[in-house]
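Participant:
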Amino acid sequence: MVEESDTYHIRPNHRLKFKPAVVKRYIHDIVRERLSDMQYDPETVAELTRSLAESIKDKVKTAEFDRYKIVVQVLIGEQRGQGVKMSARCLWDADTDNYADDVFMNDSLFCVVTVFGSYYY
Amino acid sequence: MTFEKLLLFLRVTSRWQQRLLSAVRKSGPDWAFSPSKPVRLPVFFQFTEPKGGLKRGQLAGMEEYQNGSEGSFNSEEAENVVKEGIESVLGGDDYSQTHVNKWTAAVVERCLTQLVKLNKPYKYIVTCSVMQKTGAGLHTANSCYWDTSMDGSCTVRWENRTMYCVVSVFAVCIA
Numbered sequence: 001m002v003e004e005s006d007t008y009h010i011r012p013n014h015r016l017k018f019k020p021a022v023v024k025r026y027i028h029d030i031v032r033e034r035l036s037d038m039q040y041d042p043e044t045v046a047e048l049t050r051s052l053a054e055s056i057k058d059k060v061k062t063a064e065f066d067r068y069k070i071v072v073q074v075l076i077g078e079q080r081g082q083g084v085k086m087s088a089r090c091l092w093d094a095d096t097d098n099y100a101d102d103v104f105m106n107d108s109l110f111c112v113v114t115v116f117g118s119y120y121y
Numbered sequence: 122m123t124f125e126k127l128l129l130f131l132r133v134t135s136r137w138q139q140r141l142l143s144a145v146r147k148s149g150p151d152w153a154f155s156p157s158k159p160v161r162l163p164v165f166f167q168f169t170e171p172k173g174g175l176k177r178g179q180l181a182g183m184e185e186y187q188n189g190s191e192g193s194f195n196s197e198e199a200e201n202v203v204k205e206g207i208e209s210v211l212g213g214d215d216y217s218q219t220h221v222n223k224w225t226a227a228v229v230e231r232c233l234t235q236l237v238k239l240n241k242p243y244k245y246i247v248t249c250s251v252m253q254k255t256g257a258g259l260h261t262a263n264s265c266y267w268d269t270s271m272d273g274s275c276t277v278r279w280e281n282r283t284m285y286c287v288v289s290v291f292a293v294c295i296a
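Next up, the structure:
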């Protein structure tokens, strides 16, 4: 990944920055493909959450955001009319780092995916 | 630096080391360079190199006192910080739709400011989910592409009578 060679780049090139729109599209596609006809099942959902996180991470890696560290968080919950609130705060370099998120709901479950990208100087 | 000063620098405390030091003192300064007065060293006296090899300007045997556990992310410390942050904000309250926005924002902000006070060279990402207790299930998974030796995460689950709170902290090393 981030080879230990020093590039001395303090900022990524504008074209190579973490693009939230691109990543959001990836998340959107993967989640809809995997979850659109899925029902909440307590036995399988744990494994599903894990594998969803892995596949989203692999997909974002193919976008080749050079020297970016990626953190993917997936939250899947059952729909029972309860209230949920999720928030995030980050201490980072707002010029180079960014995030993308997406929410998916059907009648039996909801899924929130957040992807954070942090530049490695 | 003479050998005697070097030994003193090592904060010689054990008995055989003290005996060695007194033996060196008796033989006078610069004993190492006077072949007429050799001092027999105990066989088991060894200089050990600090972990990570010698830094420039460091003599063999000098330990690195200042760079102890600063390497990877200390998740216990972060966990304590987060637990205290959640407790202070959500402490004795029941789930309330009107307040939950304010609570989640307060929890993340508090955790983040406390983490920053630890003064570590990390970028932090803190997420908080608050869910009402209705018997529904909730699952979280994280997948990270980073430097496993330097970066780390910690997740804290907290609950009270009416709600669950899950806070995740991701710490990404700067260079």
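Protein chains in written order, with the numbering used here: chain A, 1 to 121; chain B, 122 to 296.
Yeah, the Cβ is synthetic: ideal placement off N, Cα and C, and Gly gets one too.
1. Run down chain A in chain order and give the residues with a C-beta less than 8 Å from the C-beta of S289/B.
2. Would you please state the rounded distance, in angstroms, between the beta carbons of R67/A and Y26/A? I believe it to be under 8 Å.
3. Starting from G206/B and walking both ways along the alpha helix (DSSP H), at which residues does that stretch end?
4. For E78/A, count neighbouring C-beta atoms within 10 Å of its own C-beta (all shown protein chains included) and say buried if the count is 16 or more, exposed if not.
5. In chain order, what residues of the same chain lie with their CB nearer than 8 Å to the CB of R231/B, ignoring the 5 residues before and after it?
6. Would you mind working out which of T261/B, C294/B and W267/B sits nearest L91/A, comparing C-alpha positions?
7. What's the C-alpha gap between A153/B and F124/B?
8. Would you verify that the beta carbon of A199/B is, or is not, closer than 8 Å to some beta carbon of chain A?
9. Excluding sequence positions up to five away, which residues of its chain have a Cβ less than 6 Å from the Cβ of A262/B?
10. Using C-beta distances below 7 Å, list every residue in its chain close to T225/B, excluding the 5 sequence neighbours before and after it, in chain order.
11. When you compare each of N106/A, S87/A and M105/A to R99/A by their alpha carbons, which one comes out closest?
12. S250/B versus chain A: which residues are under 9 Å apart at the beta carbon?
13. Distance, Cα to Cα, S217/B vs Y285/B?
14. Got a sec? Which residues, its chain only, sit under 7 Å from D102/A by beta carbon, not counting five neighbours each side?
15. Please classify K85/A as buried or exposed, where buried requires at least 16 neighbouring CB atoms within 10 angstroms.
16. Should S155/B be labelled buried (16 or more other beta-carbon atoms within 10 Å of its own) or exposed?
17. Starting from A46/A, trace the alpha helix (DSSP H) both ways and give me its first and last residue.
18. Can you tell me which of the three DSSP states F124/B falls into?
19. What does S264/B touch in chain A if you count any residue whose Cβ is under 9 Å from its own?
20. Could you please give me the residues that DSSP links to I246/B through a beta bridge?
21. Who are the near neighbours of L233/B in its chain, counting only those whose CB is closer than 7 Å to its CB and skipping five residues on each side?
22. Out of D6/A, Q39/A, P20/A and I10/A, which one is the CA nearest neighbour of F110/A?
23. Given that V277/B touches chain A, what residues does it touch there, using C-beta distances under 7 Å?
24. Output yes or no for whether 8 Å exceeds the beta carbon distance between G273/B and V45/A.
25. At least one CB of chain A closer than 8 Å to the CB of L211/B: is that the case?
26. Give the DSSP-derived three-state secondary structure of D268/B in the structure shown.
Facilitator: On the basis of the data shown:
1. If you number the second sequence from 1, residue 289/B lands on position 168. Those within 8 Å of S289/B in chain A are Q73.
2. In the first sequence, counting from the first residue as 1, residue 67/A sits at position 67. In the first sequence, counting from the first residue as 1, residue 26/A sits at position 26. Contact doesn't hold; Cβ gap of about 19 Å is too wide.
3. Numbered from its first residue, the second sequence carries residue 206/B at position 85. S196 to L211 is the span of the alpha helix (DSSP H), which, as asked, contains G206/B.
4. Position 78 of the first sequence, counted from the first residue, corresponds to residue 78/A. Residue environment analysis places E78/A among the buried positions, since at least 16 neighbouring C-beta atoms fall within 10 angstroms of its C-beta.
5. Walking along the second sequence from the start, residue 231/B turns up at place 110. The residues are G206, S209 and V210.
6. Residue mapping note: residue 91/A aligns to position 91 of the first sequence, counting from 1. For the residues T261/B, C294/B and W267/B, the minimum Cα distance to L91/A belongs to C294/B.
7. Residue mapping note: residue 153/B aligns to position 32 of the second sequence, counting from 1. Residue mapping note: residue 124/B aligns to position 3 of the second sequence, counting from 1. Unreliable positioning characterises A153/B in this predicted model, as indicated by a pLDDT of 45, which lies under 50. A coordinate reading is not provided.
8. The residue you call residue 199/B lines up with position 78 of the second sequence. Interface flag for A199/B against chain A is unset, since no Cβ pair is found closer than 8 Å.
9. By one-based count along the second sequence, residue 262/B stands at place 141. Within the same chain, A262/B has no close Cβ partners at all.
10. Here residue 225/B refers to the residue found at position 104 of the second sequence. Taking C-beta separations shorter than 7 Å and ignoring five residues to either side along the sequence, the partners of T225/B in its chain run C249 and V251, following chain order.
11. Residue numbering aside, residue 99/A sits at position 99 when the first sequence is read from its first letter. Residue 99/A is actually Tyr in this sequence, not Arg. That would be S87/A, whose Cα lies nearest to the Cα of Y99/A.
12. If you number the second sequence from 1, residue 250/B lands on position 129. Under a criterion of Cβ atoms nearer than 9 Å, the residues of chain A adjacent to S250/B are, in order, L75, G77, V84, K85, M86, S87 and V112.
13. Position 96 of the second sequence, counted from the first residue, corresponds to residue 217/B. Position 164 of the second sequence, counted from the first residue, corresponds to residue 285/B. Taking the Cα positions, S217/B is about 12 Å away from Y285/B.
14. As a working mapping, residue 102/A is identified with position 102 in the first sequence. Excluding sequence neighbours, D102/A sits near K24, I27, H28, V31 and V113.
15. Walking along the first sequence from the start, residue 85/A turns up at place 85. Buried is the call here.
16. Counting from 1 along the second sequence, the entry for residue 155/B is found at position 34. Since pLDDT at S155/B reaches only 44, below the 50 mark, its modelled position is unreliable, and the value read off the structure follows with that caveat. When all chains shown are included, S155/B counts as exposed.
17. Within the first sequence, the letter at position 46 stands for residue 46/A. From DSSP, the alpha helix (DSSP H) with A46/A extends over P42 to T62.
18. By one-based count along the second sequence, residue 124/B stands at place 3. Three-state DSSP puts F124/B in a helix.
19. Position 143 of the second sequence, counted from the first residue, corresponds to residue 264/B. Contact of S264/B with chain A by beta-carbon distance below 9 Å involves R50, L52, A53, E54, S55, I56, K57, D58, I70, V71, V72, Q73 and V74.
20. The sequence position of residue 246/B within the second sequence is 125, counting from 1. The partner list for I246/B (beta bridge, DSSP) reads C90/A and F291/B.
21. Translated into the one-based positions of the second sequence, residue 233/B becomes position 112. Y245 and V247, listed in sequence order.
22. Mapped onto the first sequence, residue 110/A falls at position 110. For F110/A, the nearest C-alpha among the options comes from Q39/A.
23. Taking the second sequence and counting its residues from 1, one reaches residue 277/B at position 156. Chain A residues near V277/B: none, gap ~14 Å exceeds 7 Å.
24. If you number the second sequence from 1, residue 273/B lands on position 152. If you number the first sequence from 1, residue 45/A lands on position 45. Between G273/B and V45/A, the C-beta spacing is not below 8 Å.
25. The count along the second sequence starts at 1 and reaches residue 211/B at position 90. Nearest CB-CB separation between L211/B and chain A: not below the 8 Å threshold.
26. Position 147 of the second sequence, counted from the start, is the residue given in the question as residue 268/B. Collapsing the DSSP output to three states places D268/B in coil.
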